[in-house]
Every structure is written in C-alpha cells, then in structure tokens.
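Residue numbers (our numbering): 8 to 186.
Next up, the structure:
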C-alpha cells in the first residue's frame, strides 16, 4: 500500500457477528502491519449481529470503541446515527483515539443536518458520509452545506479521555463465552 502512495488503510468489521475472534485478530494484525510501515488504520466497527442483539446500543458502541483501542486501530468509525448527543459524548469521552461518525441511512436534509451538528457537538473528529451526500440533488452544494454545519458546530476543545471499562458480560457474549 505504501509503495502505491497510500497514506492510510481502512477496514470494516462487525462486532457481534460470528466469529468475532477472527475479526479481532485480523484488526490487530492489520494495525500491527501498518505500524511497522507507518500507515495508520481506520476501522469501521459496526456492532450488530447475534452476539450483541441483547445488549443496549450505547453499551455495544462503547465496547466497539474500546476494542478498536485494544487492537491498535488509529481511528475508529462508528455508526452513531441512532445516538443522542449525550450518548455520542460518552462514547467520544471514553475513547483515546479519534472517532468518526458513519453517515448512516439516507434521511431528509433537515435530519442529516441535525445529525452532523450533533456529531460535532459531541466532540467526534468528523463525519464520514456517503449516501446523504451522493444521493443529494446537488452533491457539491450538499458538501458545502455540511461543511458550514460542521464548522459552526465544532467544539475546539480537547477532552481528556475518561476510559470506561468494558462490560464483562458483553465481552463474553461477543467473544462466544470467552473473556
């Protein structure tokens, strides 16, 4: 990747889909390989599947952020679109690496604007959106609009992380009964 001019790598993982052990090892291996050659790793970690279905969404997102840190990911992208600003803040404050919010499903312009503002108010480092931009009537205008929202809502305050210990029951459930 470095020889081809890449400045970073991206990987997608699902927390709670079996087998989680394989995904965790893959993430850790990719992070370690990137560290050796100076390529940061962005991981989209989506907590869904049978291993997390019985756990509150906030708890699974906190666990996903913690897992990203544990395996050596440099930036984590999380699906925060169904979270309140307070929940987003709790996730951001629990994680010592930068968090990006996944853009989520296609929603109205008003809903997406409110989500983008909430993401920035939470202290997340940014928003990675696809369909809400590309499916807009005028994608270039949509990018300018989102940029204005992000700029006007960005809190330029560094929050010291207050790391939240993982829930042992969730760890067992996600890891198939192993701690």
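Backbone N, C-alpha and C fix where the C-beta goes; we use that ideal spot for every residue, glycine too.
{"Asked": "Neighbourhood of residue 12 by C-beta distance below 8 Å, restricted to the same chain and skipping five residues each side", "Found": "none"}
{"Asked": "CB of residue 67 within 8 Å of CB of residue 57, strictly", "Found": "no"}
{"Asked": "Rounded separation between residue 139 and residue 124 - CA only", "Found": "14 Å"}
{"Asked": "Simplified DSSP assignment, three categories, for residue 120", "Found": "helix"}
{"Asked": "From 100, 143, 19, residue whose alpha carbon lies closest to that of residue 119", "Found": "143"}
{"Asked": "Residue 16 versus residue 79 - alpha carbon distance", "Found": "13 Å"}
{"Asked": "Cβ shell of residue 60 (< 8 Å), same chain only, five flanking positions each side left out", "Found": "23"}
{"Asked": "Cβ pair count under 8 Å reaching 3, the stretch 103-117 against the stretch 68-87", "Found": "yes"}
{"Asked": "Per-residue DSSP class, three states only, for residue 62", "Found": "coil"}
{"Asked": "Host alpha helix (DSSP H) of residue 42 (start-end)", "Found": "27-44"}
{"Asked": "Where residue 107 falls: helix, strand or coil (DSSP)", "Found": "strand"}
{"Asked": "DSSP three-state assignment for residue 164, whether helix, strand or coil", "Found": "Only weak support exists for where residue 164 lies, its pLDDT of 41 falling under 50; the value from the coordinates is given anyway. Of the three classes helix, strand and coil, the one that applies to residue 164 here is coil, per DSSP."}
{"Asked": "Per-residue burial, residue 27 [other beta carbons within 10 Å of its own, 16 or more giving buried]", "Found": "buried"}
{"Asked": "Bounding residues of the alpha helix (DSSP H) (the contiguous stretch that carries residue 114)", "Found": "Unbroken run through residue 114: none, as it is neither H nor E."}
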